[in-house]
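J.:
2 protein chains.
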Amino acid sequence: MTSQTPATPVRDTRQRRAVRELMASTDAFRTAQQVHDDLRAAGESVGLATVYRTLQSLAEAGEVDALRQPEGEMAYRRCSDGHHHHLICRNCGRTVEISATEVERWAERVASQHGFRDAGHELEMFGLCDRCPD
Amino acid sequence: MTSQTPATPVRDTRQRRAVRELMASTDAFRTAQQVHDDLRAAGESVGLATVYRTLQSLAEAGEVDALRQPEGEMAYRRCSDGHHHHLICRNCGRTVEISATEVERWAERVASQHGFRDAGHELEMFGLCDRCPD
DNA sequence: CTGTATGCAAACATTTTGCATAAGC
DNA sequence: GCTTATGCAAAATGTTTGCATACAG
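Just so you know, the sequences run in chain order A and B. Under my numbering, the residues of the first sequence are numbered 5 to 138, in order. Under my numbering, the residues of the second sequence are numbered 5 to 138, in order.
1. What is the residue span of the beta strand (DSSP E) that R21/A lies within?
2. Distance, Cα to Cα, D31/B vs T99/B?
3. Could you check the C-alpha separation between D69/B and D41/A for me, to the nearest Å?
4. Note down, one range per segment and in chain order, each alpha helix (DSSP H) of at least 4 residues found wholly within the stretch 110-136 of chain A.
5. Our contact map puts A104/A next to H89/A with C-beta atoms below 8 Å; I'd like the distance itself, whole angstroms only.
6. If we count the other Cβ atoms within 10 Å of its Cβ and call it buried at 16 or more, is R21/A buried or exposed?
7. Starting from T58/A, follow its DSSP beta bridges and name the residues at the other end.
8. Is the beta carbon of T35/B less than 8 Å from the beta carbon of E77/B?
9. Run the CB neighbour count on C96/B, radius 10 Å, all protein chains shown included, and call it buried at 16 or more, exposed below.
10. Consider the Cβ of T6/B: report whether some Cβ of chain A lies at a distance smaller than 8 Å.
11. How would you list, in chain order, the residues of chain A whose beta-carbon sits under 9 Å from the beta-carbon of R57/B?
12. Could you tell me the alpha carbon to alpha carbon distance between L59/A and V114/A, rounded to whole angstroms?
13. Which value, in whole angstroms, describes the spacing of the CA atoms of I92/B and Q38/A?
14. Using 10 angstroms around the beta-carbon of H2/B, count the other beta-carbons present and answer buried if the total reaches 16, otherwise exposed.
15. If you measure from the beta carbon of V68/B to each beta carbon in chain A, is any gap under 8 Å?
16. With DSSP run on the structure shown, which of helix, strand or coil describes V68/A?
17. On a CA-only basis, which of A46/B, R121/B, C136/B is nearest V137/A? Give me that one, please.
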């Protein structure tokens, strides 16, 4: 589960570099479309399909975190390694990374108690942060 | 948050009844498309758009639980009241309801530790149940 | 040179919407 | 009868894919 055979060598292209740099430069979750717009605004135009493909491959490589927003679109964010969750302000989008050893253990226990194996979980928290009114 | 002004009275139609009965009859998560197919198979044909509209309204009314599957489609399930989570077999769809007092408390604590208020969370677990091979 | 990555447009899948018609109350 | 609900087809969304071309190695 840690390394997969790189079916393809992954080439170092301008586009891939642009996406990686953009993701490295921010701390927020961005959708493929946002990344596409950001890049175009920065003059580093990259095709939308390429942005999708690149973000997916970065996610598989573990360089970015992928999550599905409540509305259904995928969003990506540069990410520290390892499994963890997020606490996201639903007003301003500010994100706090949470490593939840506690929850991991709980999840594993619950799964096996019910006879489930190979279990994973998805947990995201949404709230209003202390910098946001109402 | 318990009662909302019924903008529209909600009429008792054959279609709505069919959807509600179908949802009442099963214990599994069904997508709108599946419900549509099930109904057609049962001879109680209902337009797909109507199924979507009805499931949404049932979800808003709290009669069914709505969740977004990892693949991105919405799925609905008849549901006991109150907040809880699910452990879902990613092969056969079998679902176990989990009331996670432990997690609720943990979530609340983490949120307030980070200065977040009005926090909610989304947690779903996916695995392989003991009736499913590999 | 060889073969992967890109861009574009078309294909896709899911969900939403406009509008004429059917039907609940 | 007045008005909401339905069905259909079209539109909207977000994402993926086929294919010719560009370009990294």
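In this text, a Cβ means the ideal position worked out from N, Cα and C, and glycines have one as well. Everything numeric in this text was worked out from a predicted model, so none of it was measured.
T.: So, from the listed chains and residues:
1. Looking at the DSSP string, R21/A is not in any beta strand (DSSP E); the run it does join, the alpha helix (DSSP H), is 18-29.
2. 8 Å
3. 35 Å
4. none
5. 6 Å
6. exposed
7. Partner(s): none; T58/A has no beta bridge.
8. yes
9. exposed
10. A caution first: T6/B carries a pLDDT of 44, below 50, which makes its placement in the model unreliable, though a value can still be read off. It does not; no Cβ of chain A falls within 8 Å.
11. What R57/B touches in chain A: nothing, since even the nearest Cβ is about 17 Å away.
12. 32 Å
13. 32 Å
14. Here chain B covers residues 5 to 138 and nothing more, so residue 2/B does not appear.
15. no
16. strand
17. A small correction: the amino acid at residue 137/A is Pro; Val does not occupy that position in the sequence shown. Measuring from the Cα of P137/A, the nearest candidate turns out to be R121/B.
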